[in-house]
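Each remark here refers to the structure printed beneath this line.
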Amino acid sequence: MLTEQNKDLVLQFYKAFDERKIEQALELLAPNFVAHLAGIAQPLDGAGFKQFGMSFYLAFGQGQHIFDEVIVSGDRVVTHGRFTATHIGEFQGLPPTGKQINLSIMHIDRVEDGKIVEHWGLGDALGLMQQLGIVFFPAPKLLPYILKAVVSKLFRKA
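Under the working numbering, the first residue of the sequence shown is numbered 367, with each subsequent residue one higher.
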């Protein structure tokens, strides 16, 4: 039942992170660990992943991974659900807001010899920014198209 052991290992990793036992979580990563994260161009090694994880860990307290689905296929464990937390520290230059977040997530973790050796992570970054109150403005090149669409809509209603 290696697949059950892989599932338990991956869930133990996320539980340790949620319980703020970072060293315990990091012990579950292989020395040759690699992480592929959406929005980050180059894969991260263990040190880079730790740095990224710590910035998230320090910015969001009372974090909890809630998995709606866990699928195991051979050496891969897929987790899908959400991450809830409170924004308590600076995150990417944004000061703490105290806001609760509810972030949709999906991960694929590959296990080898009882350690996580590879991670693929996807989180709803746009949703996170919106929940933190960050408003995105369109690029200047889009403004004429947006204005045209608004004017067109107004004339259709009239």
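Using N, Cα and C, we set each Cβ at its ideal position, and we do this for glycine too. Since the structure is predicted, the reported quantities are computational estimates derived from the model, not experimental observations.
Burial check for Phe449: the Cβ neighbour count within 10 Å reaches 16 or more, so the residue is buried.
Looking at the DSSP output, Val516 bridges to nothing.
Fully enclosed beta strand (DSSP E) runs of no fewer than 3 residues occupy 442-453, 466-478 of the region 429-484, in order along the chain. Under the DSSP assignment, Phe379 falls outside any beta strand (DSSP E), being part of the alpha helix (DSSP H) whose first and last residues are 368-384. Here Ile474 is not near Phe379, since their CB atoms are 8 Å or more apart.
Glu393 and Gly464 have their alpha carbons spaced roughly 30 Å apart.
Shown here, Leu509 sits in a helix according to DSSP, grouped into three states.
Rounded to the nearest whole angstrom, the CA to CA distance from Glu456 to Asn468 is 17 Å. A straight-line Cα-Cα distance of about 24 Å links Met472 and Val501. If you draw a 10 Å sphere on the C-beta of Ala391, you find 16 or more other C-beta atoms in it, and that means buried.
Nearest to Ala396 by C-alpha distance, out of Leu460, Ser518, Val477, is Val477. Cα atoms of Arg386 and Ile406: separation of roughly 24 Å, rounded to the nearest angstrom.
The Cβ atoms of Val400 and Thr445 lie no closer than 8 Å to each other.
Here the alpha carbon of Lys523 sits roughly 23 Å from the alpha carbon of Leu508. In terms of Cα proximity to Phe383, the closest of Leu424, Ala404, Leu494, Asn398 is Leu424. Look at Phe503 here: in three-state DSSP terms it is coil, with no helix or strand label.
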